[in-house]
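Q:
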Amino acid sequence: MSLGKMLLKMLFPPRCPFCREILGEISWEKVDYPDWARKESASGVICSRCAVSLPWIVMGCPRCAAEQMGRVGCSCSVYDYAFDNCCAVGRYTGKVRKALHLFKYQQKQWLAEPLGRLLSWKLSSQDWAGTIEAVVPIPLTPHRQRRRGYNQAALLAGVVGRELGVPLLDILQRVRETESQAGLKREKRWENMRDAFRCRGETGRYGHLLLIDDILTTGATAHQAASVIKTGVAESVSVAVFAR
Ligand SMILES: [Zn+2]
Ligand SMILES: [Zn+2]
Numbered sequence: 450m451s452l453g454k455m456l457l458k459m460l461f462p463p464r465c466p467f468c469r470e471i472l473g474e475i476s477w478e479k480v481d482y483p484d485w486a487r488k489e490s491a492s493g494v495i496c497s498r499c500a501v502s503l504p505w506i507v508m509g510c511p512r513c514a515a516e517q518m519g520r521v522g523c524s525c526s527v528y529d530y531a532f533d534n535c536c537a538v539g540r541y542t543g544k545v546r547k548a549l550h551l552f553k554y555q556q557k558q559w560l561a562e563p564l565g566r567l568l569s570w571k572l573s574s575q576d577w578a579g580t581i582e583a584v585v586p587i588p589l590t591p592h593r594q595r596r597r598g599y600n601q602a603a604l605l606a607g608v609v610g611r612e613l614g615v616p617l618l619d620i621l622q623r624v625r626e627t628e629s630q631a632g633l634k635r636e637k638r639w640e641n642m643r644d645a646f647r648c649r650g651e652t653g654r655y656g657h658l659l660l661i662d663d664i665l666t667t668g669a670t671a672h673q674a675a676s677v678i679k680t681g682v683a684e685s686v687s688v689a690v691f692a693r
């Protein structure tokens, strides 16, 4: 490690994205932790306490990433999603919900690094992830992008692309201002997202692209984005989100 990096680490020691505790070593024997997250660098990303108590998705539905919890079949089978696979790190509750809230609404852009790394590790455990050619962030509406100053999905996609060693493609555009999905009921969310996206001019042609967003709730947003990409840009589209 260079002197500069050492000094930075002393002044700004890495903190846990979920509780902001300064990070120490994780002792694996004591931690019940998903296999895919047992990386050497985990000690620099999440603290032991959060590693134990995070609402990890352990057995996600391969199509929509919802935690299966021993159920057979997933309720998503009634939707004809345009995306082919989906994976998510955790359930949208407790510490995960809190961290995403800070990331999205409280200008905590630094969270992109640890959350993006956890998401890439989860991806590397998926057998479909090996063929991904590029990552595509779900864009915000222009109004929201201006107000927030950054797109949290694009920040996550930057980290995931770097970790997977594939480029980031900013090919999606919001066609119109849509209401915030957060305040809408299930059926309204589908209505609200109809024709919400288009691809920018010269996109190129791909076999397999990965859409990135911070969260997937009904899947309406990812579905619309994937169906636009599938008309002429990519054969297959997968989705990776931090929370489900
Ligand atoms: Zn923590
Ligand atoms: Zn499902």
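Per the working numbering, the very first residue in the sequence shown carries number 450; after that it's consecutive. Each residue gets a CB set at the ideal place from its N, CA and C atoms; glycine is no exception.
1) For Lys557, which residues from the same chain have a beta carbon less than 6 angstroms from its beta carbon, with the 5 sequence-adjacent residues on both sides left out?
2) Would you kindly check if the distance between the Cβ of Ser676 and the Cβ of His657 is under 8 angstroms?
3) Beta-carbon distances below 7 angstroms to any heavy atom of ligand 1 define the shell here; list its residues in chain order, please.
4) Does the contact criterion of 3 or more C-beta pairs under 8 angstroms hold for the stretch 583-603 versus the stretch 530-538?
5) Quick check: the Cα distance between Val624 and Val585, rounded to an integer number of angstroms?
6) Quick one: what's Asp662 bridged to in DSSP?
7) Gly453 to Pro462, Cα distance in whole Å?
8) Straight-line CA distance for Arg464 to Ile581?
9) Please classify Tyr554: does DSSP put it in a helix, a strand, or coil?
10) Have a look at Arg597, Thr542, Lys637, Leu560 and flag the residue whose alpha-carbon is nearest the alpha-carbon of Val396.
11) Among Glu684, Asp663, Ala683, Gly681, which has the Cα closest to the Cα of Arg540?
12) Using only the heavy atoms of ligand 2, determine whether one of them is closer than 7 angstroms to the beta carbon of Ala486.
A: Looking at the coordinates:
1) For this step, residue 557 is matched to residue 108 along the sequence shown. Around Lys557: Leu551.
2) Translated into positions along the sequence shown, residue 657 becomes position 208. Translated into positions along the sequence shown, residue 676 becomes position 227. No, the Cβ-Cβ distance between His657 and Ser676 is not below 8 angstroms.
3) Cys465, Phe467, Cys468, Glu470, Ile495, Cys496, Arg498, Cys499
4) In the pairwise beta carbon analysis, the stretch 583-603 is classified as not touching the stretch 530-538: fewer than three pairs are separated by under 8 angstroms.
5) For the purposes of this step, residue 624 is taken as residue 175 along the sequence shown, with counting starting at 1. For the purposes of this step, residue 585 is taken as residue 136 along the sequence shown, with counting starting at 1. Computed Cα separation, rounded: 16 angstroms.
6) Sequence index remark: in the sequence shown, residue 662 carries index 213 (1-based). Val690, per the DSSP bridge assignment.
7) As a working mapping, residue 453 is identified with position 4 in the sequence shown. As a working mapping, residue 462 is identified with position 13 in the sequence shown. Roughly 13 angstroms separates the two Cα atoms.
8) As a position in the sequence shown, residue 464 is number 15, starting the count at 1. As a position in the sequence shown, residue 581 is number 132, starting the count at 1. Rounded to the nearest angstrom, the gap between the Cα atoms of Arg464 and Ile581 is 30 angstroms.
9) Working through the sequence shown from its first residue, we reach residue 554 at position 105. Here Tyr554 sits in helix by DSSP.
10) The question about residue 396 has no answer, for the chain in this structure spans 450 to 693.
11) Looking up residue 540 in the sequence shown gives position 91. Measuring from the Cα of Arg540, the nearest candidate turns out to be Asp663.
12) Counting from 1 along the sequence shown, the entry for residue 486 is found at position 37. Checking every heavy atom of ligand 2 against the Cβ of Ala486, none is found closer than 7 angstroms.
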